[in-house]
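These notes concern the structure reproduced below.
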Amino acid sequence: MSQTEILEKLKEKRTKCIVYTRVMGYHRPVESFNVGKTGEHRERVQFVEKCPCR
C-alpha cells in the first residue's frame, strides 16, 4: 500500500495540528499571525540545545 493510499484510507481520523510559538513572553498559535509576522516566523533559525551533562 502506498503512502497516498494509506493517507486517504485514514483521512477521517486525521486532525489539524496547531503550531504554537513563543512571542514576547507568551505562546501564540502561528495560524493567527498577520502576513508580516508569518514571514518573520518562516525566517527564524531553529536550533537544538546540547545536553549540558555531556
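Residues 1 to 54 in the working numbering are what the sequence shown lists, from first letter to last.
Glycine included, each C-beta is placed from N, C-alpha and C at the ideal position.
| Check | Outcome |
| --- | --- |
| On the DSSP letters alone, give me the boundaries of the beta strand (DSSP E) that V23 sits inside. | 20–23 |
| Are the CB atoms of F47 and H41 within a distance shorter than 8 angstroms? | no |
| Helix or strand or just coil, what does DSSP make of R28? | strand |
| Quick check: what's the CA-CA separation for V23 versus K16? | 22 angstroms |
| Under 8 angstroms, do P29 and V19 count as touching if we go by C-beta distance? | yes |
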